[in-house]
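For the sequence shown, position 82 (counting from the first letter as 1) is numbered 82 according to my numbering, and the numbering increases by one without interruption.
The beta carbon of each residue, even a glycine, is placed where N, CA and C say it ideally should be.
None of the values given here were measured: they were computed from a predicted structure.
Read the structure below first, then the notes.
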Amino acid sequence: MKRKDFIKQTMLGGTAALILPPFLTGCSKDDPTNSITTDKKIIVIGGGIAGLSAAKKFKDRGIQITLLESQSKIGGRLRTNNSLGFAFDEGASWIHGPNGNPITSLASSAGANTFLTDDNSLNVFDSNGAPYANTILDSNYNAYKSSLNTVRTNGNINQSFQTVFNNQFPNKINDRLWKYMLSAYLEFDTGADISDLSSNQFDDDDNFSGADVIITNGYDKVAQYLAQGINILLNEKVSAIDYSGAKVTVTTSTTTYQADYVLVTVPLGVLKNNIINFTPALPNDKLQAISKLKMSSVNKFLLTFPSIFWDNTLQYIGYTPETKGKFNYFMNMNKFVQQNALMTFAFGNYSALTETLSDAQVTTEIMSHLKSIYGNSIPNPTSFLRTKWGVNPHTFGSYSFATTGTTTTDFDTLSNSVNSKLFFGGEHTNRQYRGTVHGAYLSGQREADKIISLL
Ligand SMILES: Cc1cc2nc3c(=O)[nH]c(=O)nc-3n(C[C@H](O)[C@H](O)[C@H](O)COP(=O)(O)OP(=O)(O)OC[C@H]3O[C@@H](n4cnc5c(N)ncnc54)[C@H](O)[C@@H]3O)c2cc1C
């Protein structure tokens with residue numbers, strides 16, 4: 001997987017070091033060994049990694065909090081489906097850049113097993129089933145990476161990646177191999193269809209270093225580990241937050257709660273769909289950032305087979321169909337979970353379209369790609385699992401991205417607290433590491449520290 005594999009200077013350089021904001025330093029309250037006694041009530045909304053990260057930090061400081069989660073289980077986009085007897089992660093799978101990444105040690109403490117993935121363990125096939133020669137793949141990949149710099153340099157806030165790319169490389173946009181790279185690499189990384197992606201802000205975020213590892217026994221282990229000992233109320237969907245009085249009133253489907261500080265970690269998609277009614281309305285700059293930034297569409301599809309018919313030495317199989325974003329990248333799950341299974345993806349506009357297709361329609365399309373590579377006699381799948389992140393009412397999309405008309409500061413605006421009572425976390429509030437598990441986790445740490453500094 002090429003997520004975050006861009007030519008760019010990261011702010012952190014090769015090794016990761018967290019630069020703590022001033023409010024986290026120089027204060028005895030910020031000595032993490034100090035327990036804090038307070039009568040202030042704190043509510044965390046959302047039991048994804050951001051909310052759980054904050055909740056664990058409060059717990060470690062001896063502070064009682066209540067966490068409200070709309071679903072019947074915690075984890076949010078750390079969602080593992082074990083219905084087939086092995087872990088199919090419907091949301092996050094990888095720890096991107098494990099060196100210095102806080103999720104690395106967390107996953108280890110949580111008992112999550114990891115496997116080093118190798119993006120070069122890949123064959124790419126044309127739509128007629130013929131494999132691309134490695135020399136062709138290498139030269140085009142180098143040209144693709146350089147094209148990202150060209151688009152960034154020539155881009156501007158109002159033009160999409162696709163518009164600038166078309167201007168600069170008019171012969172490439174209809175080249176199937178280029179459509180594959182722009183989709184399986186760039187659209188996967190950013191989540192966005194390139195027609196909707198900002199041309200100059202598409203990769204202004206940062207990475208931790210090191211080759212990606214995948215969690216093989218379920219990412220939800222990390223959520224469960226963080227959740228230990230925390231007062232979590234499930235099936236509590238928050239519909240209103242009134243912060244006009246001295247206390248903040250939080251209304252759910254069942255009751256109301258009062259708190260001094262409320263940390264909101266629901267996804268950007270939930271904020272965009274006005275699932276929570278804020279009184280008074282949120283500040284204009286925050287409303288604008290919510291409206292402008294978008295949620296992406298990435299979906300996953302898992303097929304199991306009675307036997308393996310693909311090259312089982314490979315981790316990945318690429319395919320270059322006419323339609324961009326359409327089942328063009330397959331993971332050989334045998335490498336990771338020792339099953340006769342392939343997982344494929346849909347990205348961008350095609351991903352959104354899949355959510356309107358039946359299981360049978362999707363399976364037929366996926367099988368047609370596999371048949372063109374491996375022949376018509378390959379076995380039919382024995383089971384099929386899929387995601388529909390766009391219509392998931394707890395998320396409304398996969399992860400946040402910078403679209404046309406947005407600036408980097410919009411992500412920062414989403415993280416601004418309001419009246420020192422309302423705080424905001426979640427992957428979409430972390431400009432530097434947006435769209436990732438570690439970005440969400442760090443946002444929870446950041447917001448917990450902000451609240452702790454007020455106690
Ligand atoms: C298909 C896919 C693949 C991904 N792959 C990777 C990957 O490999 N590596 C990586 O680092 N990242 C990946 N990500 C991104 C990563 O999963 C997210 O960035 C991260 O998990 C977000 O965490 P969060 O806490 O911000 O939000 P969430 O996990 O979405 O948590 C928010 C919580 O709020 C709850 N909620 C929503 N509405 C309400 C309400 N009204 N009241 C109360 N609770 C509410 C939700 O149910 C949810 O539990 C992927 C995401 C997807 C969808």
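| query | result |
| --- | --- |
| On the CB-based measure, 16 or more other CB atoms within 10 Å of its CB, does residue 354 come out buried or exposed? | buried |
| Going by the C-beta, is residue 76 closer than 7 Å to any heavy atom of ligand 1? | yes |
| Output the boundary residues of the alpha helix (DSSP H) element that contains residue 58. | 49-60 |
| DSSP on residue 224, reduced to helix/strand/coil? | helix |
| Would you say the beta carbon of residue 71 comes nearer than 7 Å to a heavy atom of ligand 1? | yes |
| Please determine whether the Cβ atom of residue 48 lies at a distance below 7 Å from any heavy atom of ligand 1. | yes |
| Helix, strand or coil, according to DSSP, for residue 326 in the structure here? | strand |
| Label residue 400 either buried or exposed according to how many other C-beta atoms from any shown protein chain fall within 10 Å of its C-beta, with 16 as the threshold for buried. | buried |
| Once you ignore the five residues that flank residue 402 on each side, which residues in its own chain have a CB closer than 6 Å to its CB? | 198, 201 |
| Quick check: does the Cβ of residue 68 come within less than 7 Å of any heavy atom belonging to ligand 1? | yes |
| What does residue 67 pair with, by DSSP beta-bridge criteria? | 44, 232 |
| Considering only their Cβ atoms, is the gap separating residue 351 from residue 298 smaller than 8 Å? | yes |
| At what residues does the beta strand (DSSP E) containing residue 484 begin and finish? | Examination of residue 484 is not possible in this model, given that the chain is present from 1 through 455 alone. |
| Is it true that the CB of residue 78 sits closer than 8 Å to the CB of residue 461? | Past the boundaries of the shown model lies residue 461; the chain is included only from 1 to 455, so the question cannot be answered. |
| Over what stretch of residues does the beta strand (DSSP E) that includes residue 135 continue unbroken? | Not the beta strand (DSSP E): residue 135 falls in the alpha helix (DSSP H), residues 134-154. |
| Using DSSP with H/G/I as helix, E/B as strand and the rest coil, what is residue 21? | Residue placement at residue 21 is poorly supported in this model, since its pLDDT is 42, which falls under 50; the coordinates are not used for a value here. |
| Tell me the start and end of each unbroken alpha helix (DSSP H) in the region 64-117 that is at least 4 residues and wholly inside, in chain order. | 102-109 |
| If we call anything under 8 Å between Cβ atoms a contact, is residue 257 one with residue 422? | no |
| Identify, in the order they occur along the chain, each residue of the same chain with its Cβ nearer than 8 Å to the Cβ of residue 253, setting aside the five sequence neighbours on each side. | 235, 236, 237, 239 |
| Just verifying my parser: in three-state terms, what is the DSSP assignment at residue 126? | strand |
| Tell me which residue opens and which closes the beta strand (DSSP E) that residue 258 is part of. | 256-259 |
| Specify whether the region 314-323 and the region 282-299 touch according to this definition: at least 3 beta carbon pairs, one from each stretch, less than 8 Å apart. | no |
| Run through the region 154-197 for me and flag every whole alpha helix (DSSP H) of 4 or more residues, listed as ranges in chain order. | 161-168, 176-180 |
| Would you give the residue range spanned by the beta strand (DSSP E) that residue 301 belongs to? | 298-304 |
| Over the uninterrupted beta strand (DSSP E) stretch that includes residue 242, give me the two end residues. | 238-242 |
| Do residue 373 and residue 188 have their C-beta atoms closer together than 8 Å? | no |
| Between 280, 157, 161, which has its C-alpha nearest residue 151's C-alpha? | 161 |
| Under 8 Å between the Cβ atoms of residue 194 and residue 177? | no |
| Smallest Cα separation from residue 418: which of 284, 309, 437, 452? | 284 |
| What residue from 105, 119, 378 has the CA that sits closest to residue 113's CA? | 105 |
| Restricting to Cα atoms, I'd like to know which of 398, 216, 132, 303 is closest to residue 87. | 216 |
| I need the straight-line Cα distance from residue 448 to residue 390, nearest angstrom please. | 29 Å |
| Helix, strand or coil: which one does DSSP assign to residue 436? | coil |
| Distance check for residue 437 and residue 282, CA to CA, integer angstroms please. | 26 Å |
| Leaving out the 5 sequence neighbours to the left and right, which residues in its chain are closer than 8 Å to residue 455 when beta-carbon positions are compared? | 29, 36, 38, 40, 63 |
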